[in-house]
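Scroll down for the structure; my scribbles are underneath it.
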């Protein structure tokens, strides 16, 4: 049974009206049709976004990146709720060659008391605040007051260092340094911020700094504050320098100050829109979402350059400038819409991986991709129309620097297309090997600002007293005795010994480490009472249902070693019959969660590539186009991964994010190239070879200019104080550099080498004098092209 005629007409109209941008370029056409209405909408939305900018801040909480990322995050959250953790504690390292002098030790004691009275402190731990059980009942200061000689001071410190389980990690073996720990009031820190707390603490310490005492502060709050400061500085530098570099490159490319301002205005507004919406939806930036504004800046510069290049090309060809704007929207708009969709798919694919930070980045990136497209389709046409009205004149042709590679590209493609195409395919295939061999990696140093004094202080503590990076084991108890019964004590002792075996002697504290006092005749209840209620809860819960065993690792430990350590500990716990104990800690969380997130992101990248290639084929209605785009887009991604594998860097969190987003952006040039190529074949009636050459000459300069802008803008990130962000910038530049090789040399060679394969892409229906094709009757008369193939229309005169 034949289909009804109305259905045929519907399918014909759908095919006839179809654009590779799925009609989203209609936003631009609506702008030029109703300029005043769209200008009002742009103004209102801009005001909304600009009102959010004063709220701009960066959340320095790394837990936000890993929140809800799996088992080890749940274990860490459970530990924090039950015991509190040492991750938010501040470490004060006091060094002095005269520490045993009575006058010096009393200065340190006064400092300890000042810290205890600090408004941000809910408790402290130091040799001077610690009390130990007294034979007569009660407790006495661990370091007695009123010591008269250096020998007496040295004896008191030595006794604590050798016999007290908590002081072993707080007093250096040579007695020239002590560590004090301050436990912050988290509610007050959330209210006023970690930066205010650290400034307050530095003010408390300042009067005690002298020739005899060297005092340094370290700990996670200091590290995250340094990261926060570096992130804010980065954002300012990226925005200012990126905007300046993009403008300068636009000026050199167009050789017109007014033209450079036109190109730069759209990226500026796109960044403001993105910042405003991120702040409106998330309330603040994170270490990942802050990257989105830089990406929006460089991508919108590229799209603005494509738009302006095509507009000026139409104008120079003799078209009236206002009509050239309309024609540019029709030509560039669909390709820009498709690249926006591809970027959104690349960002959206990241949301498949667990982790609040990654999902926020995914949402912010997708939002930024749409906003920069909307800005290109609304603000930029309005700006060009305004420039024309104000008397803007078309600048001379583009700089020869931008077009210099194009003759070479065409020479190689036309003369050596087949060997270059084969080499590109083989190279891309071989690059799949490192893709499957590369492994995830995590380094805590990459999250800390370069030349961090706090990290240096932490390493000094590692060398002197054994580490400030805790690893926890939560041990469920059987007797539910807050003073720890015999059965539970034996259970804690087993866990304590297992962990101490891995970390080293005196690197673990727990209720079982108080044996020197219990051997002296004190009960466990007396010992736990002596340490005070705050520290007691670091060993056993008030109801006696759970105990905590804490081991201290070095601040810097390789992820593979930490994973092996955790695996051995968990295996030994199971062998000992303690199957319900739970290993956790921030370092454990970040290491394992990063591993899982990176593997998930790598899978997301693979899915993103496949989906986007399918999207390109669907948009162009040709699997041949999808195949043509595959090699030049896979080559830069796989090449960058191969470089990471060869250098031993491995895959890290920002590494895979950089590759995923760089793929979405690298596709931009490919889509514009193929769009222009097919426009030449289907709309202008060019031959296959002529269409390739014309496309190179028409937009090759824009591809070079946009790549330079993208690389220059992103290269600024390479100088970030945060190694993870700097790595992101490096990979981005490498990927884009490889992408331009793919788009200017591999893609034309593939098209030229596969002439017969791509020849059917020229099938078009043209209107004749006798029978014009219409949506109601889109067939018209067909024209037989060269070689007898239907559809190759003659070029218009």
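In this note's numbering, the protein residues as written are 186 to 982. Note that the Cβ used here is the ideal one computed from N, Cα and C, for glycine as well. If you're wondering where the values come from, they're calculated on a predicted model, not measured in any experiment.
Residue i, enclosing alpha helix (DSSP H) - first and last residue
i	result
residue 721	718-721
residue 257	256-268
residue 529	506-534
residue 575	Premise fails: residue 575 is in no alpha helix (DSSP H) and is neither H nor E.
residue 392	No alpha helix (DSSP H) contains residue 392, which DSSP labels as neither H nor E.
residue 589	First-last for residue 589: undefined, no H or E at that position.
residue 219	Element bounds for residue 219: n/a, residue is neither H nor E.
residue 943	940-943
residue 662	Per DSSP, residue 662 belongs to no alpha helix (DSSP H) and is neither H nor E.
residue 248	248-251
residue 503	No alpha helix (DSSP H) holds residue 503; DSSP gives it neither H nor E.
residue 713	709-715
Bridge-paired residues (DSSP) for residue i
i	result
residue 399	280
residue 356	363
residue 243	470
residue 310	366
residue 326	316
residue 454	Beta-bridge pairing links residue 454 to no other residue.
residue 725	732
residue 275	367
residue 417	Answer is none; residue 417 lacks a bridge partner.
residue 290	Paired residues: none, contrary to the question.
residue 931	Residue 931 is not bridged to any residue.
residue 694	735
CB contact flag (residue i, residue j, <8 Å)
i	j	result
residue 790	residue 845	yes
residue 499	residue 487	no
residue 460	residue 907	no
residue 943	residue 936	yes
residue 511	residue 217	yes
residue 797	residue 855	no
residue 777	residue 257	yes
residue 562	residue 213	yes
residue 754	residue 768	yes
residue 434	residue 893	yes
residue 451	residue 568	yes
residue 300	residue 352	no
residue 728	residue 667	yes
residue 881	residue 591	yes
residue 485	residue 243	no
residue 859	residue 810	yes
Secondary structure of residue i, DSSP reduced to three states
i	result
residue 623	coil
residue 986	Outside the modelled stretch of the chain, which goes from 186 to 982, sits residue 986, for which no answer is possible.
residue 657	strand
residue 952	The predicted position of residue 952 is uncertain, since its pLDDT is 34 and thus under 50; a value taken from the coordinates is nonetheless stated next. Here residue 952 sits in coil by DSSP.
residue 440	coil
residue 205	coil
residue 332	coil
residue 836	strand
residue 959	Reliability of the predicted coordinates at residue 959 is poor, the pLDDT of 38 falling under 50, and the value obtained from them is presented with this limitation in mind. Residue state, collapsed to three classes: coil.
residue 974	At residue 974, the pLDDT of 32 sits below 50, so the modelled position is not reliable and the matter cannot be decided from this model.
residue 170	The displayed coordinates of the chain run from 186 to 982. Any statement about residue 170 would go beyond what the structure contains.
residue 820	helix
residue 497	helix
residue 608	helix
residue 237	coil
residue 616	coil
residue 687	helix
residue 969	Residue confidence for residue 969 is low, a pLDDT of 32 falling below 50, so the modelled location carries little weight; the figure read from the coordinates is stated next. Strand, per DSSP.
residue 405	helix
residue 550	helix
Residue i: first and last residue of the uninterrupted beta strand (DSSP E) it sits in
i	result
residue 699	Note, residue 699: premise wrong, no beta strand (DSSP E); not H, not E.
Contained beta strand (DSSP E) runs [length at least 3] in the region 727-809, N- to C-terminal order: If you keep only unbroken beta strand (DSSP E) runs of at least 3 residues inside the region 727-809, you get 731-738, 767-769.
Inside the region 858-923 only - beta strand (DSSP E) runs reaching at least 3 residues: If we require 3 residues or more, the region 858-923 turns out to have no beta strand (DSSP E) run fully inside it.
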